[in-house]
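Okay, so the sequence shown: first residue is 16 according to the numbering used here, each after it adds one.
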Amino acid sequence: MDAKQGVQAIQIIAPQLSIPIHYNDYTVFKSPVEDFMQAVENAGLSDRVQYLSHGETYNFNL
């Protein structure tokens, strides 16, 4: 998956929030997370993506 495909996935699935994980755990990814971050911003989806550092947690409001 590359940045463009990641943005397309968000657009197709249309979740309220996306949290990218495993973005640098494997060598099969076609672009770095920075490319995805830029593509998300360019697509106007920044308010729907939460980035976490390794080991960081996120508490969902249910």
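C-beta atoms are modelled at their ideal positions from N, C-alpha and C, and glycine is treated no differently. Keep in mind that this is a model prediction, so the values were computed, not measured.
Less than 8 Å between the CB atoms is what I'm expecting for residue i and residue j, so what's the real figure, rounded?
{"i": "Pro-35", "j": "Tyr-73", "result": "At roughly 11 Å, the Cβ-Cβ gap does not stay under 8 Å, so Pro-35 and Tyr-73 are not in contact."}
{"i": "Ala-18", "j": "Asp-40", "result": "Rounded, the Cβ-Cβ distance is 17 Å, inconsistent with contact."}
Do residue j and residue i count as a contact pair if the criterion is CB distance below 9 Å?
{"i": "Gln-20", "j": "Ala-58", "result": "no"}
{"i": "Gln-31", "j": "Arg-63", "result": "yes"}
{"i": "Ser-33", "j": "Leu-60", "result": "yes"}
Compute the Euclidean distance between the alpha carbons of residue i and residue j, then round it to the nearest angstrom.
{"i": "Pro-47", "j": "Met-16", "result": "10 Å"}
{"i": "Phe-75", "j": "Met-52", "result": "21 Å"}
{"i": "Phe-78", "j": "Tyr-38", "result": "A question about residue 78 goes unanswered here, because the residues of the chain that appear run from 16 up to 77."}
Is it buried or exposed for residue i, if we count other Cβ within 10 angstroms and need 16 for buried?
{"i": "Ala-54", "result": "buried"}
4 or more residues per run - each alpha helix (DSSP H) lying fully within the region 23-63: 48-57
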